[in-house]
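Participant: In my numbering, the protein residues as written are 86 to 490. All C-beta atoms, glycine included, are put in the ideal place defined by N, C-alpha and C. Since we're looking at a predicted model, the values are computed, not measured. Below is one structure. I have some questions about it.
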Ligand SMILES: [Zn+2]
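Put into structure tokens, the structure is as follows:
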């Protein structure tokens, strides 16, 4: 009972340690993955921004086009307005003339009426009176004919005035009808102009919205780029700290060597593990080499593979500082570790099932750093082991067989 309890506790502790190791390595490595994520975000946001800006430009062009159309209608409407004014004045002038003619006609009509009365009275009633009141026959005749002549002249004058009135009224009617035509046209143009204005306002709203979107995206990009700078600085600081740690550990290792004590312990790697002339041991105790350096489908396999089952302990090939302990991607290394050794070489251990050592950790030769697995671009459980002369780049890989015992 007690034994089982102890066992459970041990498993829990180990599990916690492993989980911690993994989470630490995540935290330590997250800068590069954060940078990748951020870069992707920046690219997406910039693409989005370009799209929004081109939409905005398109809408702005439409607004400009509508504006110039509206302006052209405006000038047409204005010229119709001045035409209307001219015609209205003309109608008023004609009306004034008509009124004058009417007054004249009335005046002459009254005169005529008077004369007609005189004539009538002379003709129907008082010929005798007129004859008697006349000093002689000649005066009577001349009076009579004079009135008759005047009457005829009056009649002619009135007729002329009426003819003039008729003519002017006709002209006025023509002007009036052309005026109403112009007004109809103006109304039509105004309604088209109003529709154009409405369309322009709608398009302008779009432009405003897109402008706002564009500004938002721009500030997003700015924010992301600021974050990126912070990450760059963080990464640089981390690299510097790592380098400092490496230099210190290297110095310590060299002092240890020169003080006469035997080179790096390797004790935990157990007996039987031999050290090569280059100072490396095999990273796994079991498992044969299943693949070496080769080219395959255009890709160079710059490593040796050890055929080991998932969960096999993986050991540091030599003393050094862990510079990478991370998830390298499902299409790549999976969980992997990279160690910088004091001789300037790097070793890399890939496709692990779980990580034990974390970034910045000083490790001894033969120290457990990882459990092997089948993660990343791997077709079966194995340990992929690389030796590099420089940290980055596949071209810096050298044949591990030349370094292993
Ligand atoms: Zn491999």
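With DSSP as the reference, label residue 433 as helix, strand or coil.
Facilitator: The count along the chain shown starts at 1 and reaches residue 433 at position 348. Note: residue 433 maps to strand in three-state DSSP.
Participant: Where does residue 439 sit, in a helix, a strand or coil, going by DSSP?
Facilitator: Residue numbering aside, residue 439 sits at position 354 when the chain shown is read from its first letter. Three-state DSSP puts residue 439 in a strand.
Participant: In this structure, what does DSSP give as the bridge partners for residue 391?
Facilitator: Locating residue 391 in the chain shown gives position 306, counting from the first residue. Looking at the DSSP assignment, residue 391 forms a beta bridge with 374 and 468.
Participant: For ligand 1, is there a heavy atom less than 7 Å away from the beta-carbon of residue 426?
Facilitator: If you number the chain shown from 1, residue 426 lands on position 341. No.
Participant: Evaluate contact between the region 319-334 and the region 123-138, counting only Cβ atoms and requiring at least three cross-stretch pairs below 8 Å.
Facilitator: No: fewer than three Cβ pairs fall under 8 Å.
Participant: With the cut-off set at 8 Å, would you say residue 407 and residue 424 are in Cβ contact?
Facilitator: Numbered from 1 along the chain shown, position 322 holds the residue referred to as residue 407. Numbered from 1 along the chain shown, position 339 holds the residue referred to as residue 424. Contact: yes.
Participant: Is residue 376 near ligand 1 - that is, is its Cβ less than 7 Å away from at least one heavy atom of it?
Facilitator: Translated into the one-based positions of the chain shown, residue 376 becomes position 291. Result yes, Cβ under 7 Å from ligand 1.
Participant: Kindly examine ligand 1 and report whether one of its heavy atoms sits closer than 7 Å to the Cβ of residue 390.
Facilitator: The count along the chain shown starts at 1 and reaches residue 390 at position 305. Yes; taking the cut-off as 7 Å, the Cβ of residue 390 has a heavy atom of ligand 1 nearer than that.
Participant: For residue 325, does the count of other Cβ atoms within 10 angstroms reach 16, so buried, or fall short, so exposed?
Facilitator: Here the question's residue 325 lines up with position 240 in the chain shown. Flag for residue 325 reads exposed.
Participant: Please determine whether the Cβ atom of residue 386 lies at a distance below 7 Å from any heavy atom of ligand 1.
Facilitator: Looking up residue 386 in the chain shown gives position 301. It does: the Cβ of residue 386 is within 7 Å (strictly closer) of some heavy atom of ligand 1.
Participant: Where do the N-terminal and C-terminal ends of the beta strand (DSSP E) with residue 411 fall, by residue?
Facilitator: Counted from its first residue, the chain shown places residue 411 at position 326. Run containing residue 411: 405-412, per the beta strand (DSSP E) assignment.
Participant: When the Cα atoms are used, what is the spatial distance from residue 450 to residue 318?
Facilitator: Locating residue 450 in the chain shown gives position 365, where the first residue counts as 1. Locating residue 318 in the chain shown gives position 233, where the first residue counts as 1. Those two C-alpha atoms are separated by around 32 Å.
Participant: Tell me residue 300's beta-bridge partners as DSSP assigns them.
Facilitator: On the chain shown, position 215 is the one that residue 300 refers to. Answer is none; residue 300 lacks a bridge partner.
Participant: Answer yes or no: do residue 246 and residue 186 have a C-beta to C-beta separation smaller than 8 Å?
Facilitator: For this step, residue 246 is matched to residue 161 along the chain shown. For this step, residue 186 is matched to residue 101 along the chain shown. Yes, Cβ-Cβ distance for residue 246 and residue 186 is below 8 Å.
Participant: Residues in the same chain with beta-carbon distance under 7 Å from residue 256, minus the five sequence neighbours each way, listed in chain order, please.
Facilitator: For the purposes of this step, residue 256 is taken as the residue at position 171 of the chain shown. Answer for residue 256: 179, listed in chain order.
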